[in-house]
Each structure stands twice: as structure tokens, then as C-alpha cells.
Amino acid sequence: MIDDPVLLNDWYIVAAARDLVEGEMLTARLWDKELVLWRHQDAVMAWKDYCIHRGAKLSPGRIKDGTVICPYHGWRYDATGRCSLIPAHPDTQPPPKARAVAYRAVESDGFIWASLGDPQHQPPRFPEFPDDGYRKVLAGPYNYHGNPFRTVENFLDVAHFPFVHANINGDPDDPEPIGDYEVFKDEAGIRTGPIPRFQPFGDHRGIPVTAYYQYNCPRPLSAYFEKDTGEGNRFCTFMAVTPLDIDDCILWVQIAINYGFDLPEPQILKRQDAVYNQDKPIIESQRPHPMPLDLKAELHVRSDKYCVAYRRWLKELGVTWGVSQ
Ligand code: FES
Ligand code: FE
Numbered sequence: 348m349i350d351d352p353v354l355l356n357d358w359y360i361v362a363a364a365r366d367l368v369e370g371e372m373l374t375a376r377l378w379d380k381e382l383v384l385w386r387h388q389d390a391v392m393a394w395k396d397y398c399i400h401r402g403a404k405l406s407p408g409r410i411k412d413g414t415v416i417c418p419y420h421g422w423r424y425d426a427t428g429r430c431s432l433i434p435a436h437p438d439t440q441p442p443p444k445a446r447a448v449a450y451r452a453v454e455s456d457g458f459i460w461a462s463l464g465d466p467q468h469q470p471p472r473f474p475e476f477p478d479d480g481y482r483k484v485l486a487g488p489y490n491y492h493g494n495p496f497r498t499v500e501n502f503l504d505v506a507h508f509p510f511v512h513a514n515i516n517g518d519p520d521d522p523e524p525i526g527d528y529e530v531f532k533d534e535a536g537i538r539t540g541p542i543p544r545f546q547p548f549g550d551h552r553g554i555p556v557t558a559y560y561q562y563n564c565p566r567p568l569s570a571y572f573e574k575d576t577g578e579g580n581r582f583c584t585f586m587a588v589t590p591l592d593i594d595d596c597i598l599w600v601q602i603a604i605n606y607g608f609d610l611p612e613p614q615i616l617k618r619q620d621a622v623y624n625q626d627k628p629i630i631e632s633q634r635p636h637p638m639p640l641d642l643k644a645e646l647h648v649r650s651d652k653y654c655v656a657y658r659r660w661l662k663e664l665g666v667t668w669g670v671s672q
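Residue 672 is where the sequence shown ends in the numbering used here, and the numbering goes up by one at each step.
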């Protein structure tokens, strides 16, 4: 059981909002907890996938009249988690203990977020999501058998582009040096100033671009970048990692693009899948699995400034799970 209060009292994506339809249940995992998800009217629910009567999973049951019906003996749970009917004793009020274990859940920016704790803030926002000038595309999710923090750090790292994403995000035979860039830290997290990168296959248009990346990391396991390729063209990516174990996680990706509206979605997804599937074996190969926050444990160079800031920030926040001190 996770006992890290910083991570426990935070939000994690458990589903794409479009996949959670009224009248059906979805299953999800967050750390070692198996969840059942459902929605009714304006509410979304994330419950432990468990019926207190005899411990059966609720998810193979069905939904009727805004209640979840357990598949075993048909106990019904309403949206508040209360058992409203025990069919074997329809005239008896179910005991107060007959409740589903309900976690906090909310829909935000195209995702269903859940928390096993009690977050004092809302899920991180993707600034471009509400902007109609941007086309939104969901990619993934991608399952990495790697460390959740190393997965975020990879997202924040531009130095791997020419090698892991050879001839897409950089040229492996002529890798561009990385100049100085700015890193900022405040109560909203850590972010960078623009970082220029030449990319032979800069986006789904398949053309070379010089892209200016600006990164934001508002929460330990959520981040986004805004990539400016000139002429007002912006390609933005929001990512959040759902932790399952120190060597297992799910990477959720949402893109917002304000150009190339004529390009078909499969063309966008093909490039996304290629890139995230290139990162996967690298992250899965990294040892040790807990990411070291002690900066002496690995070797950092000037271009790693943002990743170093990430590790320092995690330490300041007091993160203990999934990392070593
Ligand atoms: Fe759910 Fe019996 S186990 S109703
Ligand atoms: Fe990458």
C-alpha cells in the first residue's frame, strides 16, 4: 500500500472521458488498487472493484436506474456508494455498513481522474484544451514496464531526440548541441523557457522544422509542452503518468494542434505511436527502477538542467515512493 502523502493526495488519469459511457462500467488500476468506473448524470465514480457482501467484483455486474448491481446476489449501490437494495430482503433497509468503497473522481480536460487520497487541488489543466482554435487528439495510452518518474523525465528531456527518435526528432549523425536555456520554479511547478530543436520530421506534416519547446511540469507525474514551429503554428502535448508499481505505469497523452486541420487523425497517431514506442524500451531498460533523487547517484551535464530541476523539485516536495533519496 502506498504511504507517500504527496503522491497519495494527487490525481491520476484512470480513463479517457470518451470511453466512460453512461450505463456501462470500466475497470482501471491505480497502484495496486483495482477500480470500477462508471458515470451517472453529471457525476463520475471510481470505486474499489469489490462488493462487501462476499467480495465479488462489481465490474462484471450491470447498471440500472443509476445503480450498480453486483453480479453475485444483486445488491444495488447508488451513486453515493450506499447499498439501496438487497434483493433477498427487499423490505429491509440495508445496513449502513453496506457501502461501496468510493474514491474521489472527477472529469477534466477529456480524462477521468481519480485519487486514493484527498487532494487539496484540482487535476492539472492542459491550457490549450478549452481553446476551440486547437484540434485535440488522444494518443495512447501506452503501458511502460518502467518507472513512472523516469517516464516523466524522458518526456522533459530533449537530449535523447536525435538518438531515440532518429530522423524524426533529430539527426543521429549530426546531433544538434543544446544551448543554455532557462528553468523556472514557482508554486505552479517547474517550467522552461524556449529550447530550439531542429527536427527532420517535426510533426505529422512530415516536413523539417525548427521547433521551440517550452515545458511545464505542474505535478510530479503530469507535464506538458508547447512546441512552436513558426508562423503561429503550435503543437502542444499533455501527458500524465498513472503509477502502477515502481516499474510499471500507464502513459496518457493528449495533443492540441492549431494547424494542419486537413491532415487525417491516423496520420497524427501514427507518428505519436512511433515516438512513444521508441521511448518505451529505453525507459524499461533503466536501472535502478527507483529514480535516484541524490544527484550524485547518476551523472548530470549542463543540458540536463531541467531534469535536474525535476529531481530536486521532487525531493523538495517530499516524494518518497518510486524514487531513492
Ligand atoms: Fe455482491 Fe453478494 S457478493 S451481492
Ligand atoms: Fe522521447
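Ideal Cβ placement from N, Cα and C applies to all residues, glycine included.
Going by DSSP, name the residue or residues bridged to residue i.
i	result
F531	R538
M392	W385
P441	Looking at the DSSP assignment, P441 forms no beta bridge with any residue, so it has no partner.
V545	Sequence inspection shows Phe at residue 545; the Val mentioned does not correspond to that position. According to DSSP, F545 bridges with T557.
R649	According to DSSP, which records beta bridges pairwise, R649 is partnered with nothing at all.
F458	A363 and S455
K574	Y560 and F582
R618	DSSP, once it has assigned bridges, lists no residue as partnering R618.
To the nearest whole angstrom, what separates the beta carbons of residue i and residue j, a pair I think is in contact under 8 Å?
i	j	result
P567	V415	Actually they do not touch by this definition, with Cβ atoms about 32 Å apart.
R503	C654	Reading off the sequence, residue 503 comes out as Leu, not Arg. At roughly 6 Å, the Cβ-Cβ gap stays under 8 Å, so L503 and C654 are in contact.
F545	E523	5 Å
I615	K483	Not confirmed; about 11 Å, so no contact.
V391	L354	Not really, about 21 Å apart at Cβ, beyond 8 Å.
R538	N563	4 Å
R446	M638	The Cβ separation is near 38 Å, so there is no contact.
I459	I360	7 Å
K395	K380	7 Å
C417	H400	7 Å
Tell me the DSSP secondary structure of residue i in three-state form.
i	result
V630	Reading the sequence as shown, one finds Ile at residue 630 and not Val. In this structure, I630 counts as helix in the three-state DSSP scheme.
Q561	strand
P524	coil
I602	strand
V511	helix
T667	coil
P590	strand
R482	strand
R552	coil
R566	strand
C654	helix
Please report whether the beta-carbon of residue i lies at a distance below 8 Å from any beta-carbon of chain D.
i	result
F473	No chain D is part of this structure, which consists of one protein chain only.
Contiguous beta strand (DSSP E) assignments of at least 3 residues, all confined to the stretch 401 to 456: 409 to 411, 414 to 416, 423 to 425, 430 to 432 and 449 to 455
Around the ligand FES, Cβ to any heavy atom closer than 7 Å, ordered along the chain: Going down the chain, each residue whose beta-carbon is closer than 7 Å to a heavy atom of the ligand FES shows up: C398, H400, R401, G402, A403, C417, Y419, H420, G421 and W422.
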